[in-house]
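J.:
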Amino acid sequence: VYRGSVKDFQGFNANQDAEALYNAMKGFGSDKEAILDLITSRSNKQRVEICQAYKSLYGKDLIADLKYELTGKFERLIVSLMRPPAYSDAKEIKDAIGGIGTDEKCLIEILASRTNQEIRDLVAAYKDAYERDLEADIVGDTSGHFKKMLVVLLQVCPSVQGLCRWWVPVPRRAEPISVPQGTREEDDVVSEDLVEQDAKDLLEAGELKWGTDEAQFIYILGRRSKQHLRLVFDEYLKISGKPIERSIRGELSGDFEKLMLAVVKCVRSTAEYFAERLYKAMKGLGTRDNTLIRIMVSRSEIDMLDIREVFRTKYEKSLYNMIKEDTSGEYKKALLKLCGGDDDAAGEFFPEAAQVAYRMWELSAVAKVELRGTVQPTESFNDDGDAQVLRKAMKGLGTDEGAIIEVLTQRSNAQRQQILKAYKAHYGRDLMADLKSELSGSLAKLILGLMLTPAQYDAKQLRKAVEGAGTDESVLIEIMATRNNQEIAAINEAYQEAYHKRLEDDLSSDTSGHFKRILVSLALGNRDEGPENLTQAHEDAKKLADVSSNDSSDSLETRFLSILCTRSYPHLRRVFQEFIKMTNHDVEHAIRKRMSGDVRDAFLAIVRSVKNKPAFFADKLYKSMKGAGTDERTLTRIMISRSEIDLFNIRGEFIDLFDKSLYHMIEKDTSGDYRKALLALCGGED
C-alpha cells in the first residue's frame, strides 16, 4: 500500500508544466504560489521529466533558474524537491562533510534509515555528481567507532570489490558467511538459530563485560536484517530485563552512541524515528530547517502518512499543525502541501500508528522486568547512632541540614520508623516535631514526607487534595490509579486512623459523576490479581470498542470502569492487544477521542500505569520540571513514594523518553538543600 503523501499527478504533461514554470519566473519578480502549487503536486519522477522538458523547450537549466528566482528556506525546499532522491541524499551528505566541521546528525539520519537499494543509489549518485568516492570522503571526515559503523552501513552491494577493505569487525564466533562482511541482510532474512546467540553476544559485549566490545555491536547491528534484529531485541529484553536502547546508552557514547540508537529506532519503526526527528526539529525556540526540509522531501513519497499518524499518536498534535505554527510564508505553504493533510481535523488512525503504540508499551510487558528502588536498607544500621546524629544536627544555634539529609535519604522507610522510636526513647522528644521546627520550605516537606510510612504519606496527600476549597483531581488520579490492592488497603486504614473518616466517603462528597464512580471503585482495592484470560480479554476488548450501545445503564464510561478498574494488570495488557487487533487503534487514542475532563484523565492514567508504570511516573516527573517554574508538590510526592519501589526503573524510562537523565534535570531545575536531598533519593546519574 502506497504510504506517501505526494502521488503522480493525473493528466501530467511535462511540456505544459515546464511552460507554466517558465511563465511563473519570466519578467520582473516570480509567481511563487504557482511554483509551489505545481512542484509540490508532482511526483519526483514527474519533476525530473519537467526538468528535461524545460531544457528542451528553453535551453535553460530549471534548477538554476529556480535558485536565481527564489530565496532562503523556500528556495532550498523547492530545489531539493527537483533532485532525484539519491542525488538529494548525496547533496545532503556532501554538505554535511564539506567545509569546516561535520554535521554528524545528517550523516546518522541518512545512513541509519535508508534501505539497501537506497544506499546503493546514493553511492552511485555521489560518484556521479562529485566524481568522488563516498566511503573515502566519510573515512576522511570522521573517526573512531562512529566512522567504522558508518562505513559498514555504506557497504550493501555484494558486487562491489573489497567491501570493508580498510576495516572489518570480526565476530568472536565462527559462522558460515553467505554475504560479504558489513552487508546488511535483506529484510526477509531471519536466521532463527542465531537470534538467541546474537542477543547473548550483545549482552556479553556490553552489560556483562568490563568495558565494551564495540566491534560486536557493529557486527550485529550493521549486518543483520531488520526483521532478524527485531527478534534479537525482543530476546535481549527477555534475558537482560532492559531494552537494547538503554544498554547502548550505558555502554556507548558520543556520536557512536547516537548512530547506534538511530539504527535501533529505524529497525523498530522508521516512521517513528522520523516523527521524533521532525518533532525535535520544531519544538522549543527556533526551527532546525535543514532537518525539516530534508525529512519532508525525502519521505513525501515513501511513508509520510505513517509518520503523520505516529506523530499524532506520540505528541498528541498533528504534524500539519506543528508545521503551521512553526513556519511562515510560501515555505509554510509548500511544507503543508508535502504533509498532505491535518490529522487533527481528519481524526483518522492508521495501522502503523497502532503498531507503534502497541510496541511502545509491549516492551515493558515482554519480560518480567525487576522493579528496583533507589533507596535500600542500610547495612550495619544503628538506630541509636542515627538518632544521636540527628539530635546533634538540630541542637544549639543553626541546623546541620547536610547531616539530616545524609541520614534520612540513605535509610529505608522501615529504618526511619525505628529512628523515630529511638529518638523518642533517648531524648523524650518527637523527632517529627523537631524536624518541623528546624527545617522549612520544600526541604521540610520532603524530609517530613520521608518520615511517614508510605500509607500515611499517601493518605495525607489524598486528604490535602480533597480538603478546603477546590479539589486537586490530578493527585487523586495519580495515587488511586497506580496503587495495588495491598497499598490501597493500607491507605484506607491510615486515612481512617489519621482523619477519623472513610476515604471512600471523602472521595464521594468531593467529586461527582463518572469520575466519582471511578475513584470509589479504585478505593475498594478489589482489582483481580489473577493471570490473563484470553477469551474474556477478547470479550472485554469488544465492549471497549463498541460505540453503538444506546443503553444509558451500559454507557461507554460504565463499560470502561467495569473493565479498567477491576481486571488484573496482565489481563488488561491482553485486552489492550485485542483492542488494537480489532480497531487498529490504541485504547489511549479511543479514550482521548471519546471522553473528556477528569474521566478521560483517570482512564488514561490507569491505562498508562498498566502498560508501563515507571514510564507513567517518568512522564509526570518531566512535566513537573519542564518549562518555566517547577511543580515541587508533584516532584516531591513522586520522589518520596517511588524511592523504594521503582525509582531506578523510572530513571531508565526518563532517559529513554526524554534523552536526558532525571538526575541532570533535578540538578538543573532545583537548588540548595532541597536539590541535595532529591539527588540523594534519585540515587545516581545515568
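Per our numbering, the very first residue in the sequence shown carries number 80; after that it's consecutive.
Idealized CB from N, CA, C, for every residue including glycine.
Just so we're clear, the structure is a prediction, and the values are computed from it rather than from any experiment.
So, using beta-carbon positions, are I717 and K699 closer together than 8 Å?
T.: Their beta carbons are under 8 Å apart, which means I717 touches K699 by this criterion.
J.: Give the secondary structure of T366 by DSSP, where H, G and I count as helix, E and B as strand, and everything else as coil.
T.: Looking at T366 - three-state DSSP - the assignment turns out to be coil, as it is neither helix nor strand.
J.: Scan the region 466 to 552 and note each continuous alpha helix (DSSP H) run of 4 residues or more that stays entirely inside, going in chain order.
T.: Within the region 466 to 552, the complete alpha helix (DSSP H) runs of at least 4 residues are 480 to 487, 492 to 506, 510 to 517, 520 to 530 and 533 to 545.
J.: Just the C-alpha distance for G177 and D220, rounded to the nearest angstrom, thanks.
T.: Taking the straight line joining both Cα atoms gives about 9 Å.
J.: In whole angstroms, what is the alpha-carbon distance linking T749 and T709?
T.: Each residue's Cα considered, the two are about 8 Å apart.
J.: By the 10 Å Cβ neighbour count, where 16 or more other Cβ atoms means buried, how is E188 classified, buried or exposed?
T.: When all chains shown are included, E188 counts as buried.
J.: Starting from I567, trace the alpha helix (DSSP H) in both directions and tell me its first and last residue.
T.: Run containing I567: N564 to Y578, per the alpha helix (DSSP H) assignment.
J.: Buried or exposed, going by whether 16 or more other CB atoms sit within 10 Å of the CB of V689?
T.: Buried is the call here.
J.: If we ignore side chains and look at the alpha-carbon of each, how far apart do K471 and H505 end up?
T.: Whole-angstrom Cα-Cα distance: 13 Å.
J.: What's the C-alpha gap between R596 and L643?
T.: Rounded to the nearest angstrom, the two C-alpha atoms are 12 Å apart.
J.: For K337, which of I567, I179 and L186 has the nearest alpha-carbon?
T.: Comparing Cα-Cα distances from K337 to each of I567, I179 and L186, the minimum goes to L186.
J.: Using only the alpha-carbon positions, how far apart do E526 and S600 sit?
T.: Sequence check: residue 526 is Ile here, not Glu. If I take the Cα positions, the gap works out to 32 Å.
J.: If you drop the 5 nearest sequence neighbours on each side, which residues of the same chain put their C-beta closer than 8 Å to that of L149?
T.: Correct list, in chain order: S109, K111, I114, I157 and V158.
J.: Could you tell me the boundaries of the alpha helix (DSSP H) in which T181 lies?
T.: Per DSSP, T181 belongs to no alpha helix (DSSP H) and is neither H nor E.
J.: Under the assumption that R121 contacts D144 (Cβ atoms under 8 Å), give the Cβ distance between them as a whole number of angstroms.
T.: So it is not a contact: roughly 17 Å between Cβ atoms.
J.: Among D87, A341 and R155, whose alpha-carbon lies nearest the alpha-carbon of N123?
T.: With distances taken between Cα atoms, N123 lies closest to D87.
J.: Go ahead and pull the three-state DSSP assignment for K690.
T.: Correct three-state label for K690: helix.
J.: By the three-class DSSP mapping on this structure, what secondary structure does M161 have?
T.: Helix, per DSSP.
J.: May I have the straight-line CA-CA distance separating K539 from Y574, to the nearest angstrom?
T.: Cα-Cα distance, rounded: 7 Å.
J.: Assign I729 to one of two classes, buried (16 or more other C-beta atoms within 10 Å of its C-beta) or exposed (fewer than that).
T.: The residue in question, I729, is buried, as its Cβ has 16 or more Cβ neighbours within 10 Å.
J.: Between the region 692 to 707 and the region 728 to 746, can you find at least three pairs of beta-carbon atoms closer than 8 Å?
T.: Touching, yes, given that three or more Cβ pairs across the two stretches are closer than 8 Å.
J.: Which residue wins for smallest C-alpha separation from Q496, given the options D465, S519, S516 and E480?
T.: Looking at the Cα atoms, D465 is the closest of the given residues.
J.: Return the Cβ separation of Y502 and R542 in integer angstroms, given the expectation that the two are a contact with Cβ distance under 8 Å.
T.: Not really, about 25 Å apart at Cβ, beyond 8 Å.
J.: Count Cβ pairs between the region 289 to 297 and the region 217 to 234 that sit closer than 8 Å; are there 3 or more?
T.: The answer is yes - the region 217 to 234 touches the region 289 to 297, with three or more Cβ pairs under 8 Å.
J.: Excluding sequence positions up to five away, which residues of its chain have a Cβ less than 8 Å from the Cβ of F658?
T.: A620, L623, A624, H664, D665, V666 and A669.
J.: Let's test the definition: count the other Cβ atoms within 10 Å of the Cβ of D677 and tell me whether it reaches 16, buried, or not, exposed.
T.: Label assigned to D677: buried.
J.: How many Å lie between I567 and G604 at the Cα?
T.: Computed Cα separation, rounded: 6 Å.
J.: Helix, strand or coil: how does DSSP classify R581 here?
T.: Coil.
J.: CB-CB under 6 Å to T291, same chain, minus the five flanking residues each way: which ones, in chain order?
T.: Hits under 6 Å: G285 and E330.
J.: Give every residue of the same chain whose Cβ lies closer than 6 Å to the Cβ of D280, excluding the five residues on either side of it in the sequence, and list them in chain order.
T.: Excluding residues within five positions, the ones whose Cβ falls inside 6 Å are Q295.
J.: Report back the beta-carbon spacing between A82 and D385 to the nearest angstrom; my notes put them in contact at under 8 Å.
T.: First, the residue type needs correcting, since residue 82 is Arg and not Ala in the sequence shown. That belief holds up - the Cβ atoms of R82 and D385 are roughly 5 Å apart, short of 8 Å.
J.: Check whether the region 163 to 177 and the region 389 to 404 touch, using three or more Cβ-Cβ pairs below 8 Å as the test.
T.: No, because fewer than three Cβ pairs between the region 163 to 177 and the region 389 to 404 fall closer than 8 Å, the two stretches do not touch.
J.: Helix, strand or coil: which one does DSSP assign to F658?
T.: F658 falls in the helix class under three-state DSSP.
J.: Is DSSP giving Y394 helix, strand or coil here?
T.: Y394 falls in the helix class under three-state DSSP.
J.: Which runs of the alpha helix (DSSP H) spanning at least 4 residues fall entirely within the region 586 to 618, listed in chain order?
T.: Whole alpha helix (DSSP H) segments, 4+ residues: 592 to 602.
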